[in-house]
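*Asks:* The sequence shown finishes on residue 752 if you use the numbering used here, and the numbering steps up by one all the way, no holes. This structure is in structure tokens; I'll ask about it shortly.
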Amino acid sequence: MNYHTRRRLTGFVFLAPYFLSFCCFLLLPILVAAGLAFMRFDLTAKNSIQLVGVQNFRELMKDSYFAQALLATCRYAILMVPSLIISAFAIALGLNSMSRGRDLMRALIYLPGMFTIAVTAILWQWFYNLEFGLFNFLLKHLGSAPVSWLSDKRLAMPSIVVMALWWTAGGASVVLLTALQQIPRMYIEAAALDGANAGQLFWRITLPLLRPVLFFVVVTNTIGAFQMFPQASLLTQGGPLLSTRGVVQYMYETAFNNYRLGYAASISWALTLVIVVFISAQFFAFRRIAD
462 MNYHTRRRLT GFVFLAPYFL SFCCFLLLPI LVAAGLAFMR FDLTAKNSIQ
512 LVGVQNFREL MKDSYFAQAL LATCRYAILM VPSLIISAFA IALGLNSMSR
562 GRDLMRALIY LPGMFTIAVT AILWQWFYNL EFGLFNFLLK HLGSAPVSWL
612 SDKRLAMPSI VVMALWWTAG GASVVLLTAL QQIPRMYIEA AALDGANAGQ
662 LFWRITLPLL RPVLFFVVVT NTIGAFQMFP QASLLTQGGP LLSTRGVVQY
712 MYETAFNNYR LGYAASISWA LTLVIVVFIS AQFFAFRRIA D
């Protein structure tokens, strides 16, 4: 065996664990879900496994619960993604302008992202508690009446978004801060010498150079927003009146509470299609801005 063959085989050996895990935990579930979406697979009835074609998708189009869950998911994404991008960008710009203590502040801002969603939800359940929560305690001392943060239909989703922002904004800001620090200083200095003010430096130099990283942050957080499940499940259990139950939670309940695996698989593919549409729209919007 010569050197080049041995080197090639060594590369395959190192790639094998990832390739096997990719096939077992990603590719295989995708293929199984693709098959289940066109089948009736009801674990509560005997001989219920049968091929039904697109019947699951036809039922999905008439399912009012799916429509309500999709509306809740879109509402969460519309509230969450712009708020996250703006807050993370502001934090990154603030950190980038610091001359001292930047590393400490970056660590403190990133710290909430190190908590699991279960720990985060337990903490914020106390913040939002109607009787002895932190927020209502502060409102009481300000002379205001307590607020039903999680049981009010108008406030439940914004309350979940605030918790999610606290949990995820640090990670996005660190990514944007890294991109800001990679911008060559000579561009900014040259523009400043030509008389550009702070606003022109931001809109003409900083923002265009950050566009690829900003697109990455927008896309990844949009995908995460449409996969919203534990945030609402742990805080509100999908209430009040199913106003915070997202598509993923509905899919989970359909599969593991109602045991309709085929119909749940069709829900997953419908959600995938919605995500693809949103990501495609963002891609064309960013490309149009770039042009």
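Idealized CB from N, CA, C, for every residue including glycine.
Using the DSSP secondary-structure output, state which residues sit across from Gln511 in a beta bridge.
*Replies:* Locating residue 511 in the sequence shown gives position 50, counting from the first residue. Per DSSP, Arg501.
*Asks:* Looking at the secondary structure, which residues open and close the alpha helix (DSSP H) in which Gly631 lies?
*Replies:* Counting from 1 along the sequence shown, the entry for residue 631 is found at position 170. From DSSP, the alpha helix (DSSP H) with Gly631 extends over Lys614 to Gln642.
*Asks:* So for Arg561, helix, strand or coil by DSSP?
*Replies:* The residue you call residue 561 lines up with position 100 of the sequence shown. Three-state DSSP puts Arg561 in coil, outside helix and strand.
*Asks:* Would Asn682 be called buried (16 or more neighbouring beta carbons within 10 Å of its own) or exposed?
*Replies:* The sequence position of residue 682 within the sequence shown is 221, counting from 1. Buried, by the Cβ-count rule.
*Asks:* Rounded to a whole number of angstroms, what is the C-alpha to C-alpha distance between Arg519 and Leu722?
*Replies:* In the sequence shown, residue 519 corresponds to position 58, counting from 1. In the sequence shown, residue 722 corresponds to position 261, counting from 1. Cα to Cα, the separation comes out at about 16 Å.
*Asks:* Thinking C-beta only, is Thr534 closer than 8 Å to Ala712?
*Replies:* On the sequence shown, residue 712 is found 251 positions in, with the first residue counted as 1. On the sequence shown, residue 534 is found 73 positions in, with the first residue counted as 1. It is Met, not Ala, that sits at residue 712 in the sequence shown. No, the Cβ-Cβ distance between Met712 and Thr534 is not below 8 Å.
*Asks:* Comparing alpha-carbon positions, which option in Ser727, Ile740, Thr705 and Phe745 lies nearest Ala615?
*Replies:* Here residue 615 is taken as the residue at index 154 of the sequence shown, counted from 1. Here residue 615 is Arg; the residue named in the question, Ala, does not match the sequence. Here the closest residue by C-alpha is Thr705.
*Asks:* For the alpha helix (DSSP H) holding Pro691, just list the boundary residues, first then last.
*Replies:* Indexing the sequence shown from 1 puts residue 691 at position 230. Note, Pro691: alpha helix (DSSP H), Pro691 to Leu696.
*Asks:* Could you check how far apart the C-beta atoms of Phe527 and Val513 are, in whole angstroms? I think they sit under 8 Å.
*Replies:* For this step, residue 527 is matched to residue 66 along the sequence shown. For this step, residue 513 is matched to residue 52 along the sequence shown. At roughly 17 Å, the Cβ-Cβ gap does not stay under 8 Å, so Phe527 and Val513 are not in contact.
*Asks:* Kindly list the residues whose CB is nearer than 7 Å to the CB of Leu703, restricted to its own chain and excluding five residues on each side of it in sequence; keep chain order.
*Replies:* Here the question's residue 703 lines up with position 242 in the sequence shown. The residues are Gln529.
*Asks:* For Asp613, which of Leu532, Tyr589, Ala568 and Leu600 has the nearest alpha-carbon?
*Replies:* Taking the first residue of the sequence shown as 1, we reach residue 613 at position 152. Taking only the C-alpha atoms, the option nearest Asp613 is Tyr589.
*Asks:* Please give the ranges of any alpha helix (DSSP H) in the stretch 668-747, keeping only runs that are unbroken, at least 4 residues long and fully inside the region.
*Replies:* Correct list: 668-687, 691-696 and 708-717.
*Asks:* Going by DSSP in three states, Phe588 sits in which element: helix, strand or coil?
*Replies:* Within the sequence shown, the letter at position 127 stands for residue 588. In the structure shown, Phe588 sits in a helix (DSSP, three-state: H, G or I).
*Asks:* Does at least one heavy atom of the ligand NAD sit under 7 Å from the Cβ of Arg748?
*Replies:* The ligand NAD is not part of this structure, which contains no ligands at all.
*Asks:* Going by C-alpha to C-alpha distance, which of Val735, Leu668, Phe576 and Leu470 sits closest to Leu637?
*Replies:* Walking along the sequence shown from the start, residue 637 turns up at place 176. Measuring from the Cα of Leu637, the nearest candidate turns out to be Leu668.
*Asks:* Tell me whether Val580 sits in a helix, a strand or coil according to DSSP, three-state version.
*Replies:* Looking up residue 580 in the sequence shown gives position 119. Helix.
*Asks:* How should Phe687 be labelled, buried or exposed, when 16 other C-beta atoms within 10 angstroms of its C-beta is the threshold for buried?
*Replies:* Stepping through the sequence shown from its first residue, residue 687 is reached at position 226. Phe687 is buried by the Cβ-count criterion.
*Asks:* Taking its Cβ as the centre, do 16 or more other Cβ atoms sit within 10 Å of Val493, making it buried, or is it exposed?
*Replies:* The sequence position of residue 493 within the sequence shown is 32, counting from 1. It is exposed - the Cβ of Val493 has fewer than 16 other Cβ atoms within 10 Å.
*Asks:* Can you give me the start and stop residues for the alpha helix (DSSP H) that Ser482 sits inside?
*Replies:* Sequence index remark: in the sequence shown, residue 482 carries index 21 (1-based). Note, Ser482: alpha helix (DSSP H), Tyr464 to Phe483.
*Asks:* Tell me, to the nearest whole angstrom, how far the beta carbon of Ala630 is from that of Val674; I am working on the premise that it is less than 8 Å.
*Replies:* Reading the sequence shown from its first residue, position 169 is the one you call residue 630. Reading the sequence shown from its first residue, position 213 is the one you call residue 674. Between Val674 and Ala630 the Cβ distance is about 16 Å, and since that is not below 8 Å, they are no contact.
*Asks:* Skipping 5 residues on each side, what residues in its chain have a beta carbon closer than 7 Å to that of Ala538?
*Replies:* Along the sequence shown, one-based indexing puts residue 538 at 77. Excluding positions up to five away in sequence, the list reads Thr683, Ala686 and Phe687.
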